[in-house]
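One structure below.
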Amino acid sequence: MQPIPVELKTWLYASGSLTQQLTDLASGSFKVEPTQEHFQRLNFVDAKWMRMPLHHTSWVRESYLYGCEDLPWVKAKSIFPILSLQKKARIFQHIGTQPIGRFLFQRTNPVCERRVIWLKEGWTRQSCYTWHGCKFIVQETFLASFEQFLQKKNSVNEG
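First residue of the sequence shown? That's 13 in my numbering, and the numbers climb one at a time after it.
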């Protein structure tokens, strides 16, 4: 496995709203492009992490997050177990192109367990949130286009 690039480390371990952080980096530009929404059974690893029964179904939302460039910066995947959708987290099923972070961090600071892993698309942070008694996972993979943007920005700032 390759080492985490220096410019990505702070992003992978940052707390708070990635939506807000990307918006700030992109001078106010931010867009969510949902690519897929579907139901699927929880896999073993995710079920164990959320302490949910393995046979439970979850609602999955996949999307790309854009900053101030034409290419997406982040590939996001959110996994909401049915038990959470029967509670307050049901709003996430109906937010369309709005970012999850806009609701998740609105007047709350949810409990977050984090793990950082390497996937074929890039370095990924997985966050298991507990929000108003609901558990769900938000996975954010930082794409090569984001790393390139950070490198360009850093070289401009250094030059």
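Idealized CB from N, CA, C, for every residue including glycine. Treat the numbers as computed from the prediction; the structure is a model and nothing was measured.
Query: Spatial neighbours of G134 in its chain, beta-carbon cut-off 7 Å, leaving aside the 5 residues before and after; Result: T153, F154, L155, A156
Query: Exposed unless 16 or more other CB atoms sit within 10 angstroms - verdict on F161; Result: buried
Query: Close Cβ partners of A101 (< 8 Å) along its chain, the five nearest in sequence each way excluded; Result: F92, W143, H144, C146, F148
Query: Through-space distance from Q138 to C124, alpha-carbon basis; Result: 10 Å
Query: Delimiting residues of the beta strand (DSSP E) encompassing R63; Result: Where R63 is concerned, there is no enclosing beta strand (DSSP E), given that its DSSP letter is neither H nor E.
Query: Within 9 Å, strictly: CB atoms of L54 and P65; Result: yes
Query: Span of the alpha helix (DSSP H) around L116; Result: 112–116
Query: Beta-carbon separation (whole angstroms), S90 vs V72, contact threshold 8 Å; Result: 7 Å
Query: Pairwise C-alpha distance: F56 and G108; Result: 28 Å
Query: K21: first and last residue of the uninterrupted beta strand (DSSP E) it sits in; Result: Note, K21: premise wrong, no beta strand (DSSP E); alpha helix (DSSP H) at 18–25.
Query: Nearest to C80 (by Cα), restricted to the options L34, L116, A26, Q151; Result: L34
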